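Here my numbering is used: the first residue of the sequence shown is 4, the next is one more, and so on. See structure below.
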Amino acid sequence: MKKYVVPLVIFVALGLLLAYGLNLDPRRIPSPLIGKSLPAFSLATVTDPARKVGRDDLLGRAYLLNVWASWCVACRQEHPYLNELTGRKAVTIIGLNYKDKREDALGWLGSLGNPYELSLMDNDGRLGIDLGVYGVPETFVIDKQGVIRYKQIGPITPEVWEQKLAPLIKELS
């Protein structure tokens with residue numbers, strides 16, 4: 004009888020662990036940067052390589068920092084909705100063009116529309132690394148003081164906007 008107790012306990016523990024894991028949302032990955040300031044940076048814009056923009060230039064308003072690239076399939080999926088949000092003046096969107104070529108980024112924006120107030124070039128991915136980006140698209144909600152309040156992994160959809168991002172932007176504005 005005793006020889007069955009240990010395997011039974013192990014089996015039950017593994018079953019509970021599996022049940023717990025199946026209830027987790029695989030898209031929800033907590034970011035250690037939530038509640039911390041946006042890292043310092045100075046980057047050129049996609050449209051004007053001579054224009055440098057830094058963290059402090061973006062203070063004073065809440066906005067979305069959308070990490071995108073012309074080679075990103077999921078970015079193409081979310082792009083029409085970003086254009087719609089900009090058209091409705093629902094939110095300010097700052098782009099972070101991640102590990103891309105300027106000419107490809109300009110072509111993308113020229114053909115698909117430009118939802119960004121401005122888009123920064125992160126050619127080497129340094130700011131992306133500082134932000135903990137491991138895939139695009141990723142979007143950060145930044146408050147008026149430059150503090151990261153939320154990180155969205157994956158495309159922004161109408162559901163994500165209505166349920167998560169819009170209420171937070173409204174609260175921060």
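For every residue, glycine included, the Cβ atom is placed at its ideal position computed from N, Cα and C. Keep in mind it's a predicted model, so treat the numbers as computed, not measured.
C-alpha gap between residue i and residue j, whole angstroms
| i | j | result |
| --- | --- | --- |
| Pro158 | Trp71 | 10 Å |
| Gly38 | Gly131 | 17 Å |
| Trp164 | Leu175 | 15 Å |
| Asp125 | Val8 | 57 Å |
| Val2 | Thr48 | An answer regarding residue 2 cannot be provided, because it is not within the stretch 4 to 176 covered by the chain. |
| Leu36 | Pro42 | 9 Å |
| Tyr84 | Cys78 | 10 Å |
| Leu123 | Arg54 | 10 Å |
Coil, strand or helix - residue i by DSSP
| i | result |
| --- | --- |
| Ser114 | helix |
| Trp74 | coil |
| Thr95 | coil |
Same chain, Cβ closer than 7 Å to residue i, neighbours up to 5 away in sequence not counted
| i | result |
| --- | --- |
| Thr89 | Ile96 and Pro118 |
Spatial neighbours of residue i in its chain, beta-carbon cut-off 6 Å, leaving aside the 5 residues before and after
| i | result |
| --- | --- |
| Ile172 | Ala65 and Val94 |
| His82 | Leu115 |
Assigned exposure category for residue i - 16 Cβ within 10 Å defines buried
| i | result |
| --- | --- |
| Asp127 | exposed |
| Lys154 | buried |
| Leu62 | exposed |
| Ile13 | exposed |
| Glu162 | exposed |
| Ser45 | exposed |
Closer than 7 Å: residue i CB and nearest the ligand MN heavy atom
| i | result |
| --- | --- |
| Leu123 | Absence of the ligand MN from the depicted structure is noted, as is the absence of any ligand whatsoever, leaving it without description. |
Residues of its chain near residue i, where Cβ-Cβ distance is below 8 Å and the 5 sequence neighbours each way are ignored
| i | result |
| --- | --- |
| Gly149 | Ser40, Leu41, Arg58, Asp59, Leu61 and Leu62 |
Checklist entry - Do three or more CB pairs link the segment 61 to 68 to the segment 131 to 150 at distances below 8 Å? => result yes
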